[in-house]
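Asker:
There are 2 protein chains.
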Amino acid sequence: MRDHGGNIDAAVSRHGGTLAEWIDLSTGINRVPYPLPDMPPEVWTMLPTRSAQAALIEAARRAWSTRAPMLALAGAQGAIQMIPRLGRPGRARVLAPTYNEHAAALRAAGWQVEEVATLADLAGADLAVVVNPNNPDGRQHPPAALQALLERVGRLVVDESFGDMTPEMSLTPQAGRAGLLVLRSFGKFYGLAGLRLGFVLGGAAEIAALAEMAGPWPVSGAALAIGTRALADTAWAEATTRRLAEEAPRLDALAERAGWTPRGGSTLFRLYDTPQAAAAQDALARHRIWSRRFPYSDRWLRLGLPGTPAEWDRLTQALESLHAV
Amino acid sequence: MRDHGGNIDAAVSRHGGTLAEWIDLSTGINRVPYPLPDMPPEVWTMLPTRSAQAALIEAARRAWSTRAPMLALAGAQGAIQMIPRLGRPGRARVLAPTYNEHAAALRAAGWQVEEVATLADLAGADLAVVVNPNNPDGRQHPPAALQALLERVGRLVVDESFGDMTPEMSLTPQAGRAGLLVLRSFGKFYGLAGLRLGFVLGGAAEIAALAEMAGPWPVSGAALAIGTRALADTAWAEATTRRLAEEAPRLDALAERAGWTPRGGSTLFRLYDTPQAAAAQDALARHRIWSRRFPYSDRWLRLGLPGTPAEWDRLTQALESLHAV
Chain A
759 MRDHGGNIDA
769 AVSRHGGTLA
779 EWIDLSTGIN
789 RVPYPLPDMP
799 PEVWTMLPTR
809 SAQAALIEAA
819 RRAWSTRAPM
829 LALAGAQGAI
839 QMIPRLGRPG
849 RARVLAPTYN
859 EHAAALRAAG
869 WQVEEVATLA
879 DLAGADLAVV
889 VNPNNPDGRQ
899 HPPAALQALL
909 ERVGRLVVDE
919 SFGDMTPEMS
929 LTPQAGRAGL
939 LVLRSFGKFY
949 GLAGLRLGFV
959 LGGAAEIAAL
969 AEMAGPWPVS
979 GAALAIGTRA
989 LADTAWAEAT
999 TRRLAEEAPR
1009 LDALAERAGW
1019 TPRGGSTLFR
1029 LYDTPQAAAA
1039 QDALARHRIW
1049 SRRFPYSDRW
1059 LRLGLPGTPA
1069 EWDRLTQALE
1079 SLHAV
Chain B
759 MRDHGGNIDA
769 AVSRHGGTLA
779 EWIDLSTGIN
789 RVPYPLPDMP
799 PEVWTMLPTR
809 SAQAALIEAA
819 RRAWSTRAPM
829 LALAGAQGAI
839 QMIPRLGRPG
849 RARVLAPTYN
859 EHAAALRAAG
869 WQVEEVATLA
879 DLAGADLAVV
889 VNPNNPDGRQ
899 HPPAALQALL
909 ERVGRLVVDE
919 SFGDMTPEMS
929 LTPQAGRAGL
939 LVLRSFGKFY
949 GLAGLRLGFV
959 LGGAAEIAAL
969 AEMAGPWPVS
979 GAALAIGTRA
989 LADTAWAEAT
999 TRRLAEEAPR
1009 LDALAERAGW
1019 TPRGGSTLFR
1029 LYDTPQAAAA
1039 QDALARHRIW
1049 SRRFPYSDRW
1059 LRLGLPGTPA
1069 EWDRLTQALE
1079 SLHAV
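Line by line, the protein sequences give chains A and B.
If you're matching positions, the first sequence starts at 759 in the working numbering and goes up one per residue.
If you're matching positions, the second sequence starts at 759 in the working numbering and goes up one per residue.
Next up, the structure:
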């Protein structure tokens, strides 16, 4: 299995304690989740109905200002798994460094994958992948730049898994154009990653082909019910976007006091340049706080935002002790 | 989308009433579901951990007397979707009539599919599919016959989605042999189809390839938690198997009094030969009871077993009124 955030049980077995004692900041999953609604028993007992699936898609279309063809899947990851099989394998380019599953899934399906450093370098690829905003560094590309790129690649995959907080940067209003696939995650912004819900938007033929690959019931009844309700709750989304925007600078300030240099990120996670990422991760782990390192950097450490005041206090103390060392 | 049971919302829009007023007997999903346990918030908020995934697999191995490599997916349907992509498309044979998704998924992936009437006719296929016990007629093949067939086909898929009640007929103890894939459903016997949980057992290389296609988190946290608990609950499984065995003949007796001839089934659903399936379905629908017809038969009607005493009463009355017409 590839390197990921969210491997909290590995941290527990290496550093001790119980899962409940840890604060997992190794992912960009919102730690103040959307409140679970009461759900009728049919959510669990019945096969998800076509009308429940249609209601979710309608809620997503309203939330993202689009009428584009769209498919709900068990996480945006579900789309990452299937997109490499949409057409014959060819030459893919991925704007890197980024979430490593894109390149891995393409290679596993027989694609030749090149990681490139700039948007311009993607031109000419049979399939190009841009994570926007990017994970882990938060780099963003305006819609116009991505639309221009669309003309110069065979197929363009724009992964907006961390895009909920910046709707003005989203390509969802342009979704539906042939060759453009836009991925959205539900679990990250809504803090419900265990639900397994994500979306792919695209041209009619592409979405039909992906739906055929996914089969009739890829998403659970609970995901349909919760997703439909949450995506319609614009007040919660706006309040959460505001809170994250206020709190991300607070995390940067704590990190800077510990001697780390902010390197960007989204408002769900922040990336820091540290003197030594392995030592920094271990130091936080002694306080039962789990962070994210990257195999390609000795210095980068990524932290999700804490949730409760108690979590902020513990992280503050942990970073202060780090500074004292 | 293909013809399925579980299209209850289509029935509601055609025949009226509200979803809550209907008894959906169009599927073989147990209407007395496994009781939902309390679940900690992490089930919803966290990415499913590797240890949670391992615990589910361990529970399944104990329940099915196997140490075979195994993968949990969003329903047995998840395996049906991916198996056609395990190797190059060739000539597949499906023992028919049966659950229509096998042939459809194979054809969609480029396989040439032939539907055959006997187990012997499957020999020589690059890939052969047997649903055991079969849906809708309950036809069963003993493990020895299927093991013999395994030598004569490229790959053998045995779909045991309705196999929980007849463990003595299961091939799970033989799973792990190269070329053999065994599918298991969770949602049918445990009455939790909305959870989306199923399994595929097979050889190490085949399961590794399917895991690569499925990605790291195909199953929700709730499915992992509930599945792990339910599969360890042998008392519930035994009591449910006994109850279904007692109640299936009761349903046959009611149907016979209505002039229908039992044509088999599993103890989760029964198949009947009726004078006219469309009229029989409509008559039950007037009582807000939904049943299953098949595009290939004018006479066959399938009914799942009712759950509560009130449901049994309503079905009894509906079948009596049918007799009176």
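Idealized CB from N, CA, C, for every residue including glycine.
For V887 (chain A), which of helix, strand or coil comes out of DSSP?
Answerer: strand
Asker: Where do the ends of the beta strand (DSSP E) carrying D879 (chain A) lie?
Answerer: That residue, D879 (chain A), is in no beta strand (DSSP E); it is neither H nor E in DSSP.
Asker: Step through the CB atoms of chain B and report whether any lies within less than 8 Å of the CB of T785 (chain A).
Answerer: Yes, its Cβ sits closer than 8 Å to a Cβ of chain B.
Asker: Locate the alpha helix (DSSP H) running through G836 (chain B), then write down its first and last residues.
Answerer: First-last of the alpha helix (DSSP H) with G836 (chain B): A834 to M840.
Asker: Report the rounded CA-to-CA distance for P900 (chain B) versus S1049 (chain B), giving the unit in angstroms.
Answerer: 29 Å
Asker: In chain order, which alpha helix (DSSP H) runs of at least 4 residues are fully inside the segment 960-1015 of chain A?
Answerer: 962-972, 979-989 and 992-1015
Asker: Alpha carbon to alpha carbon, how far is L950 (chain B) from Y792 (chain B)?
Answerer: 7 Å
Asker: In whole angstroms, give me the CA-to-CA distance for G845 (chain A) and N858 (chain A).
Answerer: 21 Å
Asker: Report yes or no: do the segment 1004-1023 of chain A and the segment 890-900 of chain A share at least 3 C-beta pairs separated by less than 8 Å?
Answerer: yes
Asker: In angstroms with no decimal places, state the Cα-to-Cα distance between G868 (chain A) and P842 (chain A).
Answerer: 8 Å
Asker: Report yes or no: is there a C-beta of chain A within less than 8 Å of the C-beta of S978 (chain B)?
Answerer: yes
Asker: Return the first residue and the last residue of the alpha helix (DSSP H) that D917 (chain A) is part of.
Answerer: Looking at the DSSP string, D917 (chain A) is not in any alpha helix (DSSP H); the run it does join, the beta strand (DSSP E), is R913 to D917.
Asker: Would S1055 (chain A) count as contacting chain B if we go by Cβ distances under 8 Å?
Answerer: no
Asker: Am I right that L814 (chain B) and T986 (chain B) are in contact with their C-beta atoms under 8 Å? What's the rounded C-beta distance?
Answerer: 5 Å
Asker: Shorter than 8 Å from the beta carbon of R808 (chain B) to some beta carbon of chain A?
Answerer: yes
Asker: Flag this pair as yes or no: are the beta carbons of R954 (chain B) and E779 (chain B) separated by less than 8 Å?
Answerer: no
Asker: Starting from the beta carbon of M971 (chain A), find every residue of chain B whose beta carbon is closer than 7 Å, and list them in chain order.
Answerer: Q839
Asker: With a Cβ-Cβ cutoff of 8 Å, do A997 (chain A) and L1077 (chain A) count as a contact?
Answerer: no
Asker: Taking the DSSP output, what are the residues bridged to A830 (chain A)?
Answerer: For A830 (chain A), which the question treats as bridged, DSSP gives the partners A:F957.
Asker: Cβ-heavy atom distance between N893 (chain B) and the ligand HEM below 7 Å?
Answerer: The ligand HEM is absent from the structure shown, which contains no ligand whatsoever.
Asker: Considering just the uninterrupted stretch of the beta strand (DSSP E) at W802 (chain B), what are its terminal residues?
Answerer: That residue, W802 (chain B), is in no beta strand (DSSP E); its alpha helix (DSSP H) goes E800 to T803.
Asker: Using a Cβ-Cβ distance under 8 Å, would L1092 (chain A) count as near chain B?
Answerer: The structure shown does not extend to residue 1092 (chain A), since chain A is modelled only from 759 through 1083, so no value can be given for it.
Asker: Output, in chain order, the set of chain B residues within a Cβ distance shorter than 7 Å of G949 (chain A).
Answerer: T803
Asker: Starting from R1057 (chain A), trace the beta strand (DSSP E) in both directions and tell me its first and last residue.
Answerer: S1055 to G1062
Asker: Going by DSSP, what residue range makes up the alpha helix (DSSP H) through P901 (chain A)?
Answerer: P901 to L908
Asker: From the DSSP output, in three-state form, read off D782 (chain A) for me.
Answerer: Strand at D782 (chain A).
Asker: Taking CB distances under 8 Å as the criterion, tell me whether W975 (chain B) reaches chain A.
Answerer: yes
Asker: Cβ closer than 8 Å: which chain B residues qualify as neighbours of N765 (chain A)?
Answerer: T807 and R808
Asker: So for G1023 (chain B), helix, strand or coil by DSSP?
Answerer: strand
Asker: Distance cutoff 8 Å, beta carbons only. Does G985 (chain A) sit that close to anything in chain B?
Answerer: no
Asker: For V940 (chain B), which of B:G836, B:S771 and B:A1038 has the nearest alpha-carbon?
Answerer: If we check each option's Cα against that of V940 (chain B), B:G836 comes out closest.
Asker: Measuring CA to CA, which of B:N788, B:V977 and B:A769 is closest to Y1003 (chain B)?
Answerer: The residue you asked about is not Tyr; residue 1003 (chain B) is Ala in the sequence shown. Ranking the options by Cα distance to A1003 (chain B), first place goes to B:N788.
Asker: Where A988 (chain B) and D796 (chain B) are concerned, what is the direct C-alpha to C-alpha distance, given to the nearest angstrom?
Answerer: 13 Å
Asker: Rounded to whole angstroms, what's the CA-CA distance from I766 (chain B) to G961 (chain A)? Just pull it up for me.
Answerer: 29 Å
Asker: What do you get for G882 (chain B), buried or exposed, if any count of 16 or more other CB atoms within 10 angstroms of its CB means buried?
Answerer: exposed
Asker: Just tell me which of A:G945, A:A1036, A:D782 and A:V977 has its CA closest to the CA of G1062 (chain A).
Answerer: A:D782
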